[in-house]
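Here's the structure we're looking at; comments come further down.
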Amino acid sequence: MGYQDNYNRAWADPEGFWGEAAQAADWFSPWTSVLDREASPGGRWFTGATTNVCHNALDRHVAAGRGDQVALIYDSAMTGTVETFTYAALTEQVAKLAGALAALGVGQGDRVLVYMPMIPEAAMAMLACARLGAVHSVVFGGFAATELKTRIEDAQPKVILSASCGLEPGRVIAYKPLLDAALAMSVHKPARCVIVQRPQLEAALDPARDDDWATAVATAAPVPCVPVEATDPLYILYTSGTTGVPKGVVRDSGGYMVALLWSLKNLYGLAPGEVMFTASDVGWVVGHSYIVYGPLLYGATTVLYEGKPVGTPDAGAFWRIIQQHSVKILFTAPTAFRAIKRDDPTGALMADYDLSGFRALFLAGERCDPDTLHWAQDRVKVPVVDHWWQTETGWPVAANCLGLEALPIKSGSPTKAVPGWKVEVLSAEGQPMAAGEIGVLAIKLPLPPGALPTLWENDAGFRKSYLVDYPGYYKTGDAGFIDEDGYIFVMSRIDDIINVAGHRLSTGGMEEVLAGHPDVAECAVIGVADDLKGQVPLGLLVLKSGVTRPASEIEKEAVALVRDKIGPVAAFKTALVVSRLPKTRSGKILRGTMQKIADSQDYKVPATIDDPTSLEDITERLRLAGYAVPGETG
Numbered sequence: 001m002g003y004q005d006n007y008n009r010a011w012a013d014p015e016g017f018w019g020e021a022a023q024a025a026d027w028f029s030p031w032t033s034v035l036d037r038e039a040s041p042g043g044r045w046f047t048g049a050t051t052n053v054c055h056n057a058l059d060r061h062v063a064a065g066r067g068d069q070v071a072l073i074y075d076s077a078m079t080g081t082v083e084t085f086t087y088a089a090l091t092e093q094v095a096k097l098a099g100a101l102a103a104l105g106v107g108q109g110d111r112v113l114v115y116m117p118m119i120p121e122a123a124m125a126m127l128a129c130a131r132l133g134a135v136h137s138v139v140f141g142g143f144a145a146t147e148l149k150t151r152i153e154d155a156q157p158k159v160i161l162s163a164s165c166g167l168e169p170g171r172v173i174a175y176k177p178l179l180d181a182a183l184a185m186s187v188h189k190p191a192r193c194v195i196v197q198r199p200q201l202e203a204a205l206d207p208a209r210d211d212d213w214a215t216a217v218a219t220a221a222p223v224p225c226v227p228v229e230a231t232d233p234l235y236i237l238y239t240s241g242t243t244g245v246p247k248g249v250v251r252d253s254g255g256y257m258v259a260l261l262w263s264l265k266n267l268y269g270l271a272p273g274e275v276m277f278t279a280s281d282v283g284w285v286v287g288h289s290y291i292v293y294g295p296l297l298y299g300a301t302t303v304l305y306e307g308k309p310v311g312t313p314d315a316g317a318f319w320r321i322i323q324q325h326s327v328k329i330l331f332t333a334p335t336a337f338r339a340i341k342r343d344d345p346t347g348a349l350m351a352d353y354d355l356s357g358f359r360a361l362f363l364a365g366e367r368c369d370p371d372t373l374h375w376a377q378d379r380v381k382v383p384v385v386d387h388w389w390q391t392e393t394g395w396p397v398a399a400n401c402l403g404l405e406a407l408p409i410k411s412g413s414p415t416k417a418v419p420g421w422k423v424e425v426l427s428a429e430g431q432p433m434a435a436g437e438i439g440v441l442a443i444k445l446p447l448p449p450g451a452l453p454t455l456w457e458n459d460a461g462f463r464k465s466y467l468v469d470y471p472g473y474y475k476t477g478d479a480g481f482i483d484e485d486g487y488i489f490v491m492s493r494i495d496d497i498i499n500v501a502g503h504r505l506s507t508g509g510m511e512e513v514l515a516g517h518p519d520v521a522e523c524a525v526i527g528v529a530d531d532l533k534g535q536v537p538l539g540l541l542v543l544k545s546g547v548t549r550p551a552s553e554i555e556k557e558a559v560a561l562v563r564d565k566i567g568p569v570a571a572f573k574t575a576l577v578v579s580r581l582p583k584t585r586s587g588k589i590l591r592g593t594m595q596k597i598a599d600s601q602d603y604k605v606p607a608t609i610d611d612p613t614s615l616e617d618i619t620e621r622l623r624l625a626g627y628a629v630p631g632e633t634g
C-alpha cells in the first residue's frame with residue numbers, strides 16, 4: 001500500500017493497523033487490548049502485554065545470528081576516536097552495566113538519572129535501565145546545576161550515572177562539580193553516583209557516594225532482561241526550556257517500540273544492517289528515538305557522534321562521517337545546515353568526499369526555511385525531507401514517508417501527516433479553519449503509539465497543558481495551516497504569531513523571505529511592542545562567511561524584500577545584522593527571550609541555552625540600534 005492507503009487505514013482501524021505493526025517486535029506475553037481508549041488520561045497501547053525494550057534492541061538480534069553485525073559506531077571529532085560495537089559486544093556491556101546497577105539496588109520501576117556527554121556509555125546507560133525495567137531520565141550533559149537539581153527532585157532517582165567531563169570545541173566542561181552542586185541543593189539524594197572517568201579531566205570521587213564506572217562494570221555479573229508491562233514507563237524526558245516545576249514527558253515501553261520500528265522502515269526507508277547517522281544528543285528526544293532506540297530496535301547500525309557540524313574541524317564534518325561509515329540516512333536540525341551553509345556557502349567541501357551511497361537527508365527540530373531546503377537539495381542531490389514532531393510525540397507527526405511513497409516536496413512544508421496522526425487547524429475558539437488559513441495546529445485523539453500517555457506523576461498537568469483547551473484534541477502549541485492538498489505548514493509557535501494593527505502575522509513567513517537574501521545565512525523575526533500598532537516585526541540577520549558588503553546595505557535590502565513579498569501590512573521597517581543568534585543546544589532560536597530584551601522586559605536565561613554570551617551580543621546590538629533594553633531607560 002502507498003501513503004494514502006496506509007494513512008486511511010491507520011485512522012479508520014488503529015487497532016488493526018498497529019496490532020499488525022506490533023508483530024515486528026518480540027513480546028513475552030500478548031496484549032488483551034491493542035488500544036484501551038478509556039484509560040486515563042491519554043489512552044494506553046498494548047495493555048496486558050509484557051515485553052522488554054532492551055531485549056528487542058539487543059538480545060533478539062544476537063539470538064537471530066546477527067551478533068557480529070556492528071550496532072553502534074562511536075565517532076568523536078573531539079578526541080579523534082572511532083570505536084565500533086557489535087550487537088554481541090554491546091549486549092555484553094549493557095548486561096554487565098545492568099548488573100552493576102542491580103548490585104546498587106536498582107530494580108523495576110526505580111528511576112536512574114543519566115547526565116552524560118556523547119560517549120558510548122550514555123547509550124549503554126539507557127539500555128541497561130531498560131533491561132532492568134528501571135525508568136531512565138537523561139539530562140543534557142553540562143546542564144546548569146539549578147536545572148539539574150529540579151529534575152533530580154522531580155524524578156527522585158535511586159542512582160545517577162554521569163561522567164567526569166564533556167568536550168566542546170576549545171574547552172573541557174567539568175560535569176562532576178555541576179552534579180555535586182545540584183545534589184547539594186537537592187532535597188532528594190540518590191543512593192549512589194557512578195562516574196565515567198574521562199582522561200581529558202578526571203573527577204574527584206567521594207567514596208561515601210561515588211563509584212568508578214569501569215570498576216563497577218568490570219566486577220558486575222551480567223543480568224537478563226526483566227519482563228515489563230507494555231504500558232510501563234521506559235523513560236522520563238523533561239521538555240527543553242522548562243522553568244519552575246519541570247514537565248516530565250513519560251514514554252511507555254510497548255507503544256514506543258512499535259512506533260519506532262514502523263517508522264524506520266516506512267518513514268525513513270532504512271533497511272536492517274544499514275547505517276543511520278542522527279546528529280543530535282541523547283539529551284533530546286531525537287537522540288532517544290533515532291540515535292539509541294530506533295536504529296537498534298530495527299537491527300540497523302547507529303552513529304553516535306561527539307562533535308559539531310562545523311569547527312570539528314570544519315564544515316565538512318558530516319560529509320566525512322557519511323563517507324567513512326557508509327551512512328545511508330542523515331538526520332539533523334536545520335540549524336546545523338544553516339551553520340554549514342554559513343561557513344561553506346558553495347558547499348565546496350562536499351567535493352572532498354564520496355557521497356554516492358548517501359540516500360536521504362531528514363531535517364527536524366526547528367522549522368526548515370525554504371532557502372535552507374533548496375540549498376541542501378541543490379548540493380546533496382538526494383531527497384531532503386523536512387519533518388515535524390515534538391518531545392511529547394516521540395516520533396514524527398508530519399513527514400514525507402520515503403519508505404511508503406515519496407510525495408512531491410513543497411518547500412516550507414514537512415509534507416503530510418504520518419499515518420496514525422490526524423492533524424487539523426483550529427481557531428482560538430476551537431473551530432476548524434479553511435484550507436490556507438493560519439490557526440492552531442491540533443492533533444485529533446486518540447494519539448498513536450509512541451506519543452506521551454501523560455506527564456510524570458502529573459495527570460492533571462497533562463490534561464491542562466495539552467487536552468483542556470481543545471476538547472478531543474492534543475494541543476501542539478504550534479501555529480500553521482494546511483493547504484488544499486493536505487500539506488501541513490508549521491509556521492511558528494503559537495506565541496510567535498504577532499499582531500500588527502489587528503493583523504495576525506506569522507514570523508515564519510517573514511523569515512522565509514529574509515532567508516532568501518543571497519547574503520543571509522540565518523535569521524529570526526520577533527514582534528516588538530509598538531504604541532500605535534501593538535507589535536511591529538524586527539528582523540535579525542546573520543550573514544554568510546566572507547560577506548564584505550556594508551551591513552546597512554543588506555539591512556535596507558532585507559526590509560525591501562519583506563515589503564515586496566508580504567506587503568505593507570507587515571509593517572516591516574527594521575532589520576539588524578547580528579553576529580549570531582542565541583539558541584538552545586537542540587538548535588531552536590530563542591525568539592521569546594530576544595523579544596523580552598527588545599521590549600525591555602525582565603527575562604530568565606533559559607537553562608537550555610547553548611552559549612549565554614550570545615544574549616549579551618544581541619542586547620548590545622539592540623542597544624546600539626536604539627532599543628530600551630533591560631537595565632536602561634528611554
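Mapping of the sequence shown onto the UniProt record's numbering: residues 1 to 634, in sequence order.
Cβ coordinates follow ideal geometry from the N, Cα and C atoms, glycine included.
Give the DSSP bridge partners of residue i, in chain order.
i: residue 455; result: 249
i: residue 27; result: Residue 27 is not bridged to any residue.
i: residue 276; result: 302, 329
i: residue 136; result: 112, 235
i: residue 388; result: 398
i: residue 670; result: The structure shown does not extend to residue 670, since the chain is modelled only from 1 to 634, so the question has no answer here.
i: residue 198; result: 201
i: residue 96; result: Per DSSP, none; premise fails for residue 96.
i: residue 366; result: DSSP output for residue 366 lists no bridge partner at all.
i: residue 584; result: 609
i: residue 432; result: 426
i: residue 210; result: 193
i: residue 476; result: Bridge partners of residue 476: none, in fact.
i: residue 83; result: 74
Spatial neighbours of residue i within its chain, please: C-beta separation below 7 Å, excluding the five flanking residues on both sides.
i: residue 188; result: 152, 153, 156
i: residue 565; result: 513
i: residue 102; result: 132, 223
Apart from the five residues just before and just after residue i, which ones in its own chain have a Cβ nearer than 6 Å to its Cβ?
i: residue 263; result: 395
i: residue 450; result: 255, 256, 259, 394, 395
i: residue 377; result: 384
i: residue 85; result: 71, 72
i: residue 311; result: 169
i: residue 161; result: 114, 125, 194
i: residue 10; result: 17, 419, 420
i: residue 27; result: 49, 51
i: residue 265; result: 403
Kindly give me the distance between the Cβ atoms of residue i and residue j, rounded to whole angstroms, as I take these residues to be in contact under 8 Å.
i: residue 491; j: residue 572; result: Actually they are not in contact, since the Cβ atoms of residue 491 and residue 572 sit about 16 Å apart, beyond 8 Å.
i: residue 587; j: residue 366; result: 6 Å
i: residue 104; j: residue 191; result: 6 Å
i: residue 83; j: residue 117; result: Actually they are not in contact, since the Cβ atoms of residue 83 and residue 117 sit about 14 Å apart, beyond 8 Å.
i: residue 223; j: residue 131; result: 7 Å
i: residue 134; j: residue 110; result: 5 Å
Would the beta-carbon of residue i fall within 8 Å of that of residue j?
i: residue 226; j: residue 108; result: yes
i: residue 179; j: residue 238; result: no
i: residue 646; j: residue 234; result: This structure cannot speak to residue 646, because the chain is shown only from 1 to 634.
i: residue 581; j: residue 614; result: yes
i: residue 545; j: residue 359; result: no
i: residue 211; j: residue 197; result: no
i: residue 436; j: residue 483; result: yes
i: residue 479; j: residue 498; result: no
i: residue 332; j: residue 271; result: no
i: residue 590; j: residue 609; result: yes
i: residue 19; j: residue 447; result: no
i: residue 411; j: residue 487; result: no
i: residue 373; j: residue 386; result: yes
i: residue 317; j: residue 77; result: yes
Could you pull out every residue in the same chain whose Cβ sits closer than 8 Å to the Cβ of residue i, ignoring the five residues on either side in sequence?
i: residue 465; result: 247, 455, 475
i: residue 201; result: 164, 165, 172, 174
i: residue 438; result: 425, 479, 480, 481, 491, 497, 504, 506
i: residue 561; result: 513, 514, 516, 517
Would the stretch 126-143 and the stretch 274-284 be scored as touching if the rule is three or more Cβ pairs under 8 Å?
yes
Taking contact to mean at least 3 C-beta pairs separated by less than 8 Å, is the stretch 321-333 in contact with the stretch 292-305?
Below 8 Å, enough C-beta pairs join the stretch 321-333 and the stretch 292-305 to call them touching: three or more.
Contact between the stretch 542-558 and the stretch 603-613 is defined here as three or more beta-carbon pairs at a separation below 8 Å; is this criterion met?
Output reads no: the stretch 603-613 does not touch the stretch 542-558.
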